[in-house]
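Below: the structure, in structure tokens.
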Amino acid sequence: ETGVTQSPTHLIKTRGQQVTLRCSSQSGHNTVSWYQQALGQGPQFIFQYYREEENGRGNFPPRFSGLQFPNYSSELNVNALELDDSALYLCASSPGVGYTFGSGTRLTVV
Amino acid sequence: KQEVTQIPAALSVPEGENLVLNCSFTDSAIYNLQWFRQDPGKGLTSLLLIQSSQREQTSGRLNASLDKSSGRSTLYIAASQPGDSATYLCAVTMNRDDKIIFGKGTRLHILP
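Chains as they are written, first to last, in the numbering used here: chain A, 171 to 280; chain B, 7 to 118.
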């Protein structure tokens, strides 16, 4: 049973809208990362937070933003949704060594 | 720039066979390498993690090896079962707490 919980599990949005995805990590997991996985591809790194500060970012535009909270929860926000943003979004957290992944949020943009 | 490649992209084998999945990476200065399993539409389950100083890790019917100098890893699955059908992802990190760089995965189908 994973200690990382993501919500919602599925989501349908219209192009141009904004979306917030949520992740709840285990206590003590100070590092949280977000990944985008398109169909048939490996996950791609979006960004990473450590103790509420962003400390790494992949090749994603600024309309992808995030927050990490003191209670080990985090958010991924995407503005001005595009059709290509349709993907499985994965959250992963770590206490320092090794990552635990959540089950993901399937986002469909129509 | 680190790139991770997995061959083959898809594999079908009869139940009971032993099989090997391959992974290669372009920059040998990795911190660790991890094998994940992903069921359709689901998240990732970590199978085995090999630190850069290690040569292999074993868990049940699974054995992962690492040859850092040649930039290769293999995942060996013994006595395959239909429940092993899934996508297997190889991934590396370059430093502690660093992002994970994934391959595209190998889709494995075990035929009953």
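Glycine included, each C-beta is placed from N, C-alpha and C at the ideal position. As the structure is a prediction and not an experimental result, all values here were calculated from the model.
Item, Value
"Okay, do the region 16–27 of chain B and the region 68–86 of chain B touch, 3+ Cβ pairs below 8 Å being the bar?", "yes"
"Would you say VAL98(B) lies against chain A (beta-carbon separation less than 9 Å)?", "no"
"Can you pull out the residues from the region 99–111 of chain B whose beta carbon lies closer than 8 Å to at least one beta carbon of chain A?", "ARG102, ASP103, ASP104, LYS105, ILE106, ILE107, PHE108, GLY109, LYS110, GLY111"
"With DSSP run on the structure shown, which of helix, strand or coil describes PRO88(B)?", "helix"
"How about LYS48(B): is its C-beta nearer than 9 Å to some C-beta of chain A?", "yes"
"Going along chain B, which residues have a C-beta under 9 Å from ARG276(A)?", "GLY47"
"Three Cβ pairs or more, each shorter than 8 Å: is that satisfied between the region 269–280 of chain A and the region 214–230 of chain A?", "no"
"Nearest by alpha-carbon distance to GLY226(A): which of VAL202(A), ASN247(A), ASN249(A) is it?", "VAL202(A)"
"For LEU55(B) and GLU62(B), which I take to be in contact (beta-carbon distance under 8 Å), what is that distance rounded to the nearest angstrom?", "The Cβ separation is near 12 Å, so there is no contact."
"Less than 9 Å between the beta carbons of THR270(A) and GLY173(A), yes or no?", "yes"
"Leaving out five residues before and five after HIS180(A) in sequence, what residues of the same chain have Cβ atoms less than 6 Å from its Cβ?", "ARG276"
"Closest Cβ-Cβ distance between PHE31(B) and chain A: below 9 Å?", "no"
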